[in-house]
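Report on the following structure.
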Amino acid sequence: MPTTKEGAQRLLEFFIYGMLAASESLGNPQLFLRTVEEKGLRKFMLTDMPRFEASNNATEACRAYTKEVDAEGLFDGSDTVFRGDDDEIQVEIGDRCAYRRICTMRHDEGRPVYCIRAIALEEMLRIRLDANFDGKLQSFGRPCHIRMARTEWRES
Amino acid sequence: MTDVWQELQEAIEELSHVSDIKAAAVVRRDGLVITHTLPDGVDPKIVAAMTAAIVGTSEMATLQLAQGRFTRAIIESDEGKLLSTGAGEEALLVTLVYSDANLGLVLMAMEKTAKRVEEILAVEVVS
Chain A
695 MPTTKEGAQR LLEFFIYGML AASESLGNPQ LFLRTVEEKG LRKFMLTDMP RFEASNNATE
755 ACRAYTKEVD AEGLFDGSDT VFRGDDDEIQ VEIGDRCAYR RICTMRHDEG RPVYCIRAIA
815 LEEMLRIRLD ANFDGKLQSF GRPCHIRMAR TEWRES
Chain B
-14 MTDVWQELQE AIEELSHVSD IKAAAVVRRD GLVITHTLPD GVDPKIVAAM TAAIVGTSEM
46 ATLQLAQGRF TRAIIESDEG KLLSTGAGEE ALLVTLVYSD ANLGLVLMAM EKTAKRVEEI
106 LAVEVVS
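These protein sequence lines map, in sequence, to chains A and B. If you read the first sequence in my numbering, its first letter stands for residue 695, the second for the next number, and so on. If you read the second sequence in my numbering, its first letter stands for residue -14, the second for the next number, and so on.
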């Protein structure tokens, strides 16, 4: 176990940075991130987020998911704001994002920034609401702005 | 608004009717299935994820080896061939063909369908 909160955060950053770079060298970080989130959520959503109940409304489901993740101590969701409806969600993620340092490093290195939290929300919506949403990091900053829109694409 | 998924399904069904092609699929570059004509017993989700991985790695290999732009990946095996290529910025086209297939014919049909898929998805992005 990491002995401090800072140690746990550094361990997270070590693995996220390394895995993103490794997946990039293999050619498909989007596939990698989506698969990690899907497998992780399917395995841990019930045990690590026991009180999470997804509303049928996509924006409400994102709000409830973030609240539960926060309540379980996985990350601070207090600086995250959701606006929108069942078809389109505008997300603002502030300074307290657990992935901010990694995203900043990648941004400074001139590498693409992938919003891991947006990908997690997309996968949560796919699993819980059977809904396909495409997320786009519209601006990386303080706060980050992400737009998630329901897609016509559906799994056959 | 036209049903994008319906149009993609028609395109993929038409491709599947080309002789020598057993089945076909359109998948997203992040490994999700869009539509397919894969037979029972083949998991489309696994095919989609593997295709995305194959194309991603192949694109990276051509780049690293300074071989220009990636065109397609062909995987040959005892029972047939798996062909995958890009279909615009967001999608990939994959076909499963017989081992003795006329590849020229199949590749021509795939090229035509990939262009059609790209056009269909471009309309969706604009609308």
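Each residue gets a CB set at the ideal place from its N, CA and C atoms; glycine is no exception.
Neighbour flag for residue i against chain B, beta carbons, 7 Å
i	result
F750 of chain A	For the sequence presented, residue 750 of chain A should be read as Asn rather than Phe. Chain B, which has no Cβ nearer than 7 Å to the Cβ of N750 of chain A, makes this no.
R728 of chain A	yes
L725 of chain A	yes
A792 of chain A	no
Neighbour flag for residue i against chain A, beta carbons, 7 Å
i	result
D28 of chain B	no
G16 of chain B	yes
A38 of chain B	yes
T98 of chain B	no
Length of the line joining the Cα atoms of residue i and residue j
i	j	result
E(-8) of chain B	L106 of chain B	10 Å
N826 of chain A	A843 of chain A	8 Å
G829 of chain A	I813 of chain A	7 Å
S1 of chain B	A86 of chain B	13 Å
H839 of chain A	V785 of chain A	6 Å
M35 of chain B	P744 of chain A	32 Å
A702 of chain A	P696 of chain A	5 Å
N722 of chain A	G41 of chain B	5 Å
V32 of chain B	G71 of chain B	15 Å
L831 of chain A	E816 of chain A	13 Å
S833 of chain A	W(-10) of chain B	29 Å
E75 of chain B	V108 of chain B	13 Å
L823 of chain A	L735 of chain A	14 Å
I(-3) of chain B	S719 of chain A	31 Å
M(-14) of chain B	L705 of chain A	Reliability of the predicted coordinates at M(-14) of chain B is poor, the pLDDT of 44 falling under 50, and no value is obtained from them.
P851 of chain A	D28 of chain B	Here chain A covers residues 695 to 850 and nothing more, so residue 851 of chain A does not appear.
E700 of chain A	E803 of chain A	23 Å
Per-residue contacts from residue i into chain A (C-beta, under 9 Å)
i	result
E44 of chain B	G721, N722
Chain-ordered chain A contacts of residue i [CB-CB under 8 Å]
i	result
G41 of chain B	L720, G721, N722, L725
A34 of chain B	L725, T729
Taking three-plus beta-carbon pairs below 8 Å as touching, is the region -2 to 15 of chain B in contact with the region 71 to 81 of chain B?
-> yes
For the 8 Å Cβ check, are there 3 or more pairs between the region 732 to 746 of chain A and the region 755 to 772 of chain A?
-> yes
At least 3 beta-carbon pairs within less than 8 Å: the region 15 to 28 of chain B vs the region 724 to 731 of chain A | yes
Count the CB pairs spanning the region 790 to 797 of chain A and the region 744 to 755 of chain A that are closer than 8 Å, and state whether there are at least three.
-> no
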